[in-house]
Amino acid sequence: MAKNIISKDKDYAQWYLDVIKEAKLAEHSPVRGCMVIRPNGYALWENMQAVLDGMFKETGHQNAYFPLFIPKSFLSKEAQHVKGFAKECAIVTHSRLIDSDDGVIVDPSSKLEEELVVRPTSETIIWDTYKNWIQSYRDLPILINQWANVVRWEMRTRLFLRTMEFLWQEGHTAHATAGEALEETEKMIEVYRTFAEDYMAMPVTIGKKSEEERFPGAIDTLCIEALMQDGKSLQAGTSHFLGQNFAKAFDVTFQDKDGEVKHVWASSWGVSTRLIGGMIMTHADDDGLILPPKLAPTQVVIVPIWKNDEQLKAVLDYAGALEKELKEKGIRVKLDDRDFYKPGWKFAQYEVEGVPLRIAVGPRDVENNKLEIARRDTKTKSLVDNENVAQVIKDTLDEIQTTMFEKARKRTEDNTRTVNTYDDFKKIINKESGFIYAHWDGTTETELKIKDETKATIRCIPLDENPEPGTCMVTGKPSERRVLFARAY
RNA sequence: CGGGGCGUAGCGCAGCCCGGUAGCGCACCACGUUCGGGACGUGGGGGCCGCAGGUUCAAAUCCUGUCGCCCCGACCA
């Protein structure tokens, strides 16, 4: 047993990196802070994209693509927005290289008249474009999504969770009324919740961001927060109600039915490859990655076992027929008939890669018309009849999906606490961490004090219909409702 | 950008204190025996010891600088 993965109890950050490495998802690139996504990781992203894209289309959205480069002046049009992104921009200043005695240098004469910012997000360039697309209420709503890469010059990076360049989707919608834009904002956070819970098997809490944590330029930011295995929270997706901020900044108006010229209302929303990080930290264990069946690039791997050529033929015939049958039933199956790796090696390999279900077939099984199926999530094996096997596999995959979600849900529940005093809050945050519901007076001042003293932040203000009022655990001032605190990634 | 640690084969590391021209495990290649949980034996390939200077007859080792990575802060999807 030559396992490289170390225990997450010893060093969670290292464990996380080891899981990624062993599963061959991604690695650091030679470019500071950037990531190479390997085929295993990209296949996962493609599956996530496919599901999300389908959900976007179903909710009436279309895809489009806007430029990578944003004229510097665009970024300064919305005051809060500039403030939020100014400190983390990559800026293109020149357009040419020339040979010199010191090697290749930037040609000073190629300096751009106006610098270009590599998009940290696309609100500005999109709103500058929407200005030309919108004249009448008949042009609304605009419901567009873009799959893209963005760049944010981060100080410290972590694979998937925070890299200088990352892949994401960003939706940008324009509406005639505030109500429609708000409805869109809420609809899309619900889409993200569905995706996180039903596909990633990652339970999330929906809420609203505090003013401090809100997206720069938004009136309100809704988010989904998920609790990771180390007790820290991950912001997994956001949906912003932008009000008329960008419409005003870019002068996007339309003439309404009543003849009046009005500014349009906006939303934007996004999720990124960070979701992959969230999935790893939600499900993986000390044996490596565990992928939810609905997103796993390979749902089932068949490992044939044989000793000699005669057995090889019988086993491969048997396994090949099984592969064909599963494929026909729409299961993503792979038959690994490579002869230069031994079965034991393959078992271990597919475990670190997180393949949800493994089927082993050997001469014994051929003879008895049986199969050994092994679940990655529970590490349990069972011998089943090779009859109606596709249905059995399908059911097992569904069960894995459910079990994974339930396990994560229970863990989140077990690590969600309600506290009334700041002393209890500090004790819990330092010991178990996790989600904590507590009363807060609603001021940024108190929020920052808590952050400063405990490293915990308000992850979100829950959207319950019937909040329970109380008094702020720090200041004793009145509080409308409990809010969700945690340390965060 | 502040504080700490580390750069030696694809990966993980030893050697450095006390200079003498590079080694271990895994991986890789060949052959044979193996094959129902990461096989074993024998043989083999692979290194500008992060980079640049300096000291020295001689530098992975000592000195200076520099770049990069990791962890902890500030910042953030």
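If you count by this note's numbering, then the first sequence holds residues 362 to 850, one letter each, in order. Note that the Cβ used here is the ideal one computed from N, Cα and C, for glycine as well. Source: prediction; values computed, not measured.
Spell out the partners DSSP gives R778 in its beta bridges.
-> In the first sequence, the residue the question calls residue 778 occupies position 417. By DSSP's assignment, R778 forms a beta bridge with I797.
Assigned secondary structure, D559 (DSSP; H/G/I helix, E/B strand, else coil) = In the first sequence, counting from the first residue as 1, residue 559 sits at position 198. In this structure, D559 counts as helix in the three-state DSSP scheme.
Could you give the C-beta distance for A751 and V722, rounded to a whole number, given that I count them as a contact under 8 Å?
-> Taking the first sequence and counting its residues from 1, one reaches residue 751 at position 390. Taking the first sequence and counting its residues from 1, one reaches residue 722 at position 361. Actually they are not in contact, since the Cβ atoms of A751 and V722 sit about 15 Å apart, beyond 8 Å.
Span separating the alpha-carbon of A374 from that of T818 = Within the first sequence, numbered from 1, the residue matching residue 374 stands at position 13. Within the first sequence, numbered from 1, the residue matching residue 818 stands at position 457. The alpha-carbon atoms of A374 and T818 are separated by roughly 20 Å.
Does DSSP put F766 in a helix, a strand or coil?
-> Counting from 1 along the first sequence, the entry for residue 766 is found at position 405. Looking at F766 - three-state DSSP - the assignment turns out to be helix.
With a Cβ-Cβ cutoff of 8 Å, do V586 and A597 count as a contact?
-> Your numbering for residue 586 matches position 225 in the first sequence. Your numbering for residue 597 matches position 236 in the first sequence. The residue asked about is misnamed: residue 586 is Glu in this sequence, not Val. Between E586 and A597, the C-beta gap is smaller than 8 Å, which places the two residues in contact.
What is the DSSP secondary structure of G394, counted as helix, strand or coil?
-> Looking up residue 394 in the first sequence gives position 33. Residue state for G394 is assigned as coil, using DSSP reduced to three classes.
Looking at C-beta atoms only, is the number of pairs between the region 633-648 and the region 599-608 that lie closer than 8 Å three or more?
-> The region 633-648 vs the region 599-608: no contact.
Under 6 Å Cβ to Cβ from A657, same chain only, skipping five residues before and after it: list those, please.
-> Here residue 657 is taken as the residue at index 296 of the first sequence, counted from 1. If you ignore the 5 residues before and after A657, its C-beta comes within less than 6 Å of the C-beta of P717, all in its own chain and listed in chain order.
Alpha helix (DSSP H) segment containing A440, residue limits = Along the first sequence, one-based indexing puts residue 440 at 79. First-last of the alpha helix (DSSP H) with A440: 440-446.
Return helix, strand or coil for R457, following the three-state DSSP convention.
-> On the first sequence, residue 457 is found 96 positions in, with the first residue counted as 1. Under the three-state reduction of DSSP, R457 is assigned to coil, being neither helix nor strand.
Closest Cα partner of T534 within the set D746, T739, V625, E439 = For the purposes of this step, residue 534 is taken as residue 173 along the first sequence, with counting starting at 1. Out of D746, T739, V625, E439, V625 has the C-alpha closest to the C-alpha of T534.
Can you round the beta-carbon distance between E475 and K433 to whole angstroms, since I take them to be within the 8 Å contact cut?
-> Residue numbering aside, residue 475 sits at position 114 when the first sequence is read from its first letter. Residue numbering aside, residue 433 sits at position 72 when the first sequence is read from its first letter. With a beta-carbon spacing of about 6 Å, E475 and K433 fall inside the 8 Å limit used to define contacts.
Report the residue ranges of all alpha helix (DSSP H) runs contained in full by the region 398-423; include only those spanning at least 4 residues, in chain order.
-> Runs found: 400-419.
For G421, collect the residues of the same chain with a Cβ closer than 7 Å to its Cβ; drop the 5 residues on either side in sequence, then sort them by chain order.
-> Walking along the first sequence from the start, residue 421 turns up at place 60. Excluding residues up to 5 positions away in sequence, L504 lie with their Cβ nearer than 7 Å to the Cβ of G421 in the same chain.
When the Cα atoms are used, what is the spatial distance from A447 to V478?
-> Here the question's residue 447 lines up with position 86 in the first sequence. Here the question's residue 478 lines up with position 117 in the first sequence. One C-alpha to the other measures close to 10 Å.
What's the call for G540, buried or exposed, on a 16-neighbour Cβ count within 10 Å?
-> Numbered from 1 along the first sequence, position 179 holds the residue referred to as residue 540. Label assigned to G540: exposed.
Hey, W406 and I641: beta-carbon distance below 8 Å or not?
-> Within the first sequence, numbered from 1, the residue matching residue 406 stands at position 45. Within the first sequence, numbered from 1, the residue matching residue 641 stands at position 280. No, the pair does not count as a contact, with Cβ atoms beyond the cut-off.
Among K623, R513, E774, T805, which one has its Cα closest to the Cα of E793?
-> Your numbering for residue 793 matches position 432 in the first sequence. In this structure, E774 is the residue among K623, R513, E774, T805 with its C-alpha nearest to the C-alpha of E793.
Counting only the same chain and skipping the five closest in sequence on each side, list residues whose C-beta sits under 7 Å from that of E684.
-> One-based indexing of the first sequence puts residue 684 at position 323. Residues of the same chain with a CB within less than 7 Å of the CB of E684, apart from the 5 flanking positions on each side, are I663, V694, L696 in chain order.
Does DSSP classify E474 as helix, strand or coil?
-> In the first sequence, the residue the question calls residue 474 occupies position 113. In the structure shown, E474 sits in a strand (DSSP, three-state: E or B).
Separation of K593 from Y850, as counted between CA atoms | For the purposes of this step, residue 850 is taken as the residue at position 489 of the first sequence. For the purposes of this step, residue 593 is taken as the residue at position 232 of the first sequence. Cα to Cα, Y850 sits roughly 7 Å from K593.
Close-in-space but distant-in-sequence residues of the same chain around K623 (CB under 6 Å, 5 per side omitted) = For the purposes of this step, residue 623 is taken as the residue at position 262 of the first sequence. Cβ neighbours of K623 within its own chain (closer than 6 Å, five residues either side excluded): D617.
Taking the runs of the alpha helix (DSSP H) that are 4 residues or longer, which of them lie wholly in the region 795-837?
-> Runs found: 805-815.
Hey, would you say P481 sits closer than 8 Å to V511, going by beta carbons?
-> Taking the first residue of the first sequence as position 1, residue 481 is located at position 120. Taking the first residue of the first sequence as position 1, residue 511 is located at position 150. Yes.
Find out if the Cβ-Cβ distance for the pair I381, S571 is shorter than 8 Å.
-> For the purposes of this step, residue 381 is taken as the residue at position 20 of the first sequence. For the purposes of this step, residue 571 is taken as the residue at position 210 of the first sequence. In terms of Cβ geometry, I381 and S571 do not form a close pair [threshold 8 Å].
So what's A425 in DSSP terms, helix, strand or just coil?
-> Counting from one through the first sequence, the residue named residue 425 turns up at place 64. Here A425 carries a coil assignment [DSSP, helix/strand/coil].
Could you tell me the distance, in whole angstroms, from the CA atom of L522 to the CA atom of K707?
-> Within the first sequence, the letter at position 161 stands for residue 522. Within the first sequence, the letter at position 346 stands for residue 707. Spanning the alpha carbons of L522 and K707 requires a straight line of approximately 29 Å.
Tell me whether K364 is buried or exposed, calling it buried when 16 or more other Cβ atoms sit within 10 Å of its Cβ.
-> Taking the first residue of the first sequence as position 1, residue 364 is located at position 3. The predicted position of K364 is uncertain, since its pLDDT is 47 and thus under 50; a value taken from the coordinates is nonetheless stated next. It is exposed - the Cβ of K364 has fewer than 16 other Cβ atoms within 10 Å.
Between the Cα of K816 and the Cα atoms of F786, S628, H800, T832, which residue gives the shortest distance?
-> If you number the first sequence from 1, residue 816 lands on position 455. Of the listed residues, the one whose Cα sits closest to K816 is F786.
For W529 and T634, believed in contact at Cβ under 8 Å, the rounded distance | Stepping through the first sequence from its first residue, residue 634 is reached at position 273. Stepping through the first sequence from its first residue, residue 529 is reached at position 168. With 8 Å as the limit, T634 and W529 qualify as a contact, their Cβ atoms being about 7 Å apart.
What separation, rounded to the nearest whole angstrom, lies between the Cα atoms of G532 and G631?
-> Working through the first sequence from its first residue, we reach residue 532 at position 171. Working through the first sequence from its first residue, we reach residue 631 at position 270. A direct Cα-Cα distance of roughly 6 Å separates G532 from G631.
Distance, R457 Cα to I811 Cα | Here residue 811 is taken as the residue at index 450 of the first sequence, counted from 1. Here residue 457 is taken as the residue at index 96 of the first sequence, counted from 1. Each residue's Cα considered, the two are about 49 Å apart.
CA-to-CA distance, Q590 to V835, given in whole angstroms | For the purposes of this step, residue 835 is taken as the residue at position 474 of the first sequence. For the purposes of this step, residue 590 is taken as the residue at position 229 of the first sequence. Roughly 28 Å separates the two Cα atoms.
Going by beta carbon distance, what residues of the same chain come within less than 8 Å of T555, once the five residues before and after it are set aside?
-> Position 194 of the first sequence holds residue 555. Excluding positions up to five away in sequence, the list reads M416.
How big is the Cα-Cα spacing for K548 and L845?
-> Here residue 548 is taken as the residue at index 187 of the first sequence, counted from 1. Here residue 845 is taken as the residue at index 484 of the first sequence, counted from 1. If I take the Cα positions, the gap works out to 22 Å.
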